Amino acid sequence: MKNKLSDNFLWGAALSNVQAEGGYLSGGKGLNVYDTLTVTPEPGIPPMFCDTSVASDHYHRYKEDISYMKEMGFKAYRFSVVWSRVQPLGDEEAPNEEGLDFYESMIDCLLEAGIEPVVSLVHFDMPDHLRVKYNGFMSKEVIDFYAKHVGDVVNRLKGKVKYWITYNEINLVSGLPYLVSGCEQPADMDYPTFFSQLTFNAAVAHAKAVEVIKAADSKAWVAGMLGHCPFNPQSTRSEDLWATQFRNNMHNYLPMDIMTSGELPSYFHNYMAKRNVILQASEAEHQVIHTASKKLDYLALSYYRTNVAGIFENIPYDDITAQEDAIMQDDRRLKNPHYDANEWGWNKDPEGLRLALIDMHERYKKPLFIVENGIGIDEPLVDEKVYDDERIDYYQMHIKSIKRSVEEDGVNLMGYLAWSPIDFLSSHKEMRKRYGFLYVNRTTDDLKDLNRYKKKSFYWYQKVIKSNGEDLDNNIDY
Ligand code: BG6
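Residue 32 is where the sequence shown starts when you use our numbering, and the numbers rise one by one after that.
Okay, structure coming up:
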């Protein structure tokens, strides 16, 4: 008999608060790395960026936003507690109670609406002071400040929150170091050492967070999270398959291999040994990674697209180390001829999600939770309406793919959270790149009235949730 999505399947959506709240100096909040980030445009995209002072004004309108989530029928909603709202500087003794009050009110509002909160503990929001003074997660002290932050949040919210996510997209620490880990590569350090040390430090931070959460609330469910961007080979040559496997290991799987096994995988040891990397790692740190690995309850992932990997023709294949170094930092943006891309050049590859789920299911043998999936579109509001059929189409295809993974492949999937309930600033501070089921009425330069308007996809997703994923037809009378 085929499996089915369970009756308790956690349908809903997710948001990164630092990209939506605004109120960037209200309520005692300190500046964080997203506030201070100077954006580099995505390749080929003309720059048009916002500051973070107002964003989608979610700080003042979260109750209204949650009422729309209730109307859509959400079972779960993932959001992030902005670190610098709770610890404005990051190294202070006492947390900012006003910040904690704010997130507790948000959770009370969700629970009242019958929506299960899923809370991320760091999502592009490290206090900027920790970046400037300590170089973020390159510093062991910052790992402890983070663990303290986790403790402050969990001790306030325990009992109200069951599902925690330690670290948003932990595999991106060295790819986007400013935003994801609040640091930069020291001038006197080579890239392999930077990559390895930061990967290790983030693994320790994650592990300490797991221990803190479990000590505070033994009933909590804790996950690590992967920003999953699988690579497909540029050809059927074995050399390209090898390059793809190497890239997938180093870019996608490494942190999750560590957090699930409690050990550094042999391919990582090998990578470091060949480059004479000397890791700053204590026995106690290895131990916490090991003990925390036994306590993980589920694994979370985001998925938007696949990319393409392959060897470099201008480097001798025999020079494997040089090939690996080039593959690790490949910015050729190889095209996949089989899939269309969105306006930002991101491949739409729904079946890649099924493959990713099968792969993770077999590799880690833990319940999986998709906590981000969606498409950014530059779309206009016309007569108070947004006909976002491209978004509906994207979601239809991806939801079909996840259903196949459950029904045909037996993947243990807890839920699916779309990205996102409302429009907000993209990770590149783009207001044009809209992800919401609700249109937020502002542009890059004009804050207008910030009112919310239901897009066509709002009604479509409402129907999907109501039918537990059975009715995916785009037959909305809008
Ligand atoms: C994920 C992040 O990487 O991708 C989100 O967790 C982000 O914060 C999302 O918004 C989409 O990326 P972008 O760059 O289009 O905002």
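C-beta atoms are modelled at their ideal positions from N, C-alpha and C, and glycine is treated no differently.
Quick caveat: nothing in here was measured; it's all calculated off a predicted structure.
Given a threshold of 16 other Cβ atoms within 10 Å of its Cβ, counted over all protein chains shown, does residue i qualify as buried or as exposed?
{"i": "residue 432", "result": "buried"}
{"i": "residue 199", "result": "buried"}
{"i": "residue 161", "result": "buried"}
{"i": "residue 407", "result": "buried"}
{"i": "residue 567", "result": "No answer is possible for residue 567: the residues shown for the chain start at 32 and end at 509."}
{"i": "residue 87", "result": "buried"}
{"i": "residue 269", "result": "exposed"}
Could you check how far apart the C-beta atoms of residue i and residue j are, in whole angstroms? I think they sit under 8 Å.
{"i": "residue 128", "j": "residue 188", "result": "No, residue 128 and residue 188 are not in contact; Cβ-Cβ is about 13 Å, not under 8 Å."}
{"i": "residue 384", "j": "residue 334", "result": "5 Å"}
{"i": "residue 34", "j": "residue 437", "result": "5 Å"}
{"i": "residue 274", "j": "residue 342", "result": "5 Å"}
{"i": "residue 67", "j": "residue 156", "result": "The Cβ separation is near 11 Å, so there is no contact."}
{"i": "residue 262", "j": "residue 204", "result": "About 18 Å separates the two Cβ atoms, so there is no contact after all."}
{"i": "residue 176", "j": "residue 139", "result": "Contact doesn't hold; Cβ gap of about 27 Å is too wide."}
{"i": "residue 65", "j": "residue 85", "result": "About 14 Å separates the two Cβ atoms, so there is no contact after all."}
Within this structure, are the beta carbons of residue i and residue j separated by less than 8 Å?
{"i": "residue 399", "j": "residue 310", "result": "no"}
{"i": "residue 201", "j": "residue 237", "result": "yes"}
{"i": "residue 241", "j": "residue 316", "result": "no"}
{"i": "residue 500", "j": "residue 451", "result": "no"}
{"i": "residue 70", "j": "residue 497", "result": "no"}
{"i": "residue 391", "j": "residue 41", "result": "no"}
Only counting the same chain, and skipping five residues up and downstream in sequence, which positions put a Cβ closer than 8 Å to that of residue i?
{"i": "residue 427", "result": "503, 505"}
{"i": "residue 57", "result": "90"}
{"i": "residue 250", "result": "193"}
{"i": "residue 375", "result": "73, 76, 407, 464"}
Take residue i and list the residues in its own chain whose beta-carbon comes closer than 6 Å to its own, dropping the five residues that flank it on each side.
{"i": "residue 109", "result": "45, 149, 402, 448"}
{"i": "residue 151", "result": "111, 196, 199"}
{"i": "residue 473", "result": "479, 481"}
{"i": "residue 418", "result": "487"}
{"i": "residue 303", "result": "227"}
{"i": "residue 245", "result": "326"}
Could you please give the first and the last residue of the uninterrupted alpha helix (DSSP H) stretch that includes residue i?
{"i": "residue 369", "result": "First-last for residue 369: undefined, no H or E at that position."}
{"i": "residue 256", "result": "Segment 252 to 259 is the beta strand (DSSP E) holding residue 256; no alpha helix (DSSP H) there."}
{"i": "residue 297", "result": "297 to 305"}
{"i": "residue 130", "result": "128 to 143"}
{"i": "residue 21", "result": "For residue 21 there is no data in the structure shown, the boundaries of the chain being 32 and 509."}
{"i": "residue 115", "result": "114 to 117"}
What residue range does the beta strand (DSSP E) around residue i cover?
{"i": "residue 377", "result": "Careful: residue 377 lies outside any beta strand (DSSP E) and carries neither H nor E."}
{"i": "residue 263", "result": "262 to 264"}
{"i": "residue 148", "result": "147 to 151"}
{"i": "residue 436", "result": "Premise fails: residue 436 lies in the alpha helix (DSSP H), 420 to 438, not in any beta strand (DSSP E)."}
{"i": "residue 39", "result": "Unbroken run through residue 39: none, as it is neither H nor E."}
{"i": "residue 470", "result": "469 to 471"}
Note down, in chain order, each residue of its chain lying with its Cβ closer than 7 Å to the Cβ of residue i, except the 5 sequence neighbours on either side.
{"i": "residue 312", "result": "231"}
{"i": "residue 271", "result": "264, 265, 341, 342"}
{"i": "residue 119", "result": "59, 60, 61, 127, 158"}
{"i": "residue 429", "result": "381, 384, 404"}
{"i": "residue 308", "result": "223, 224, 227"}
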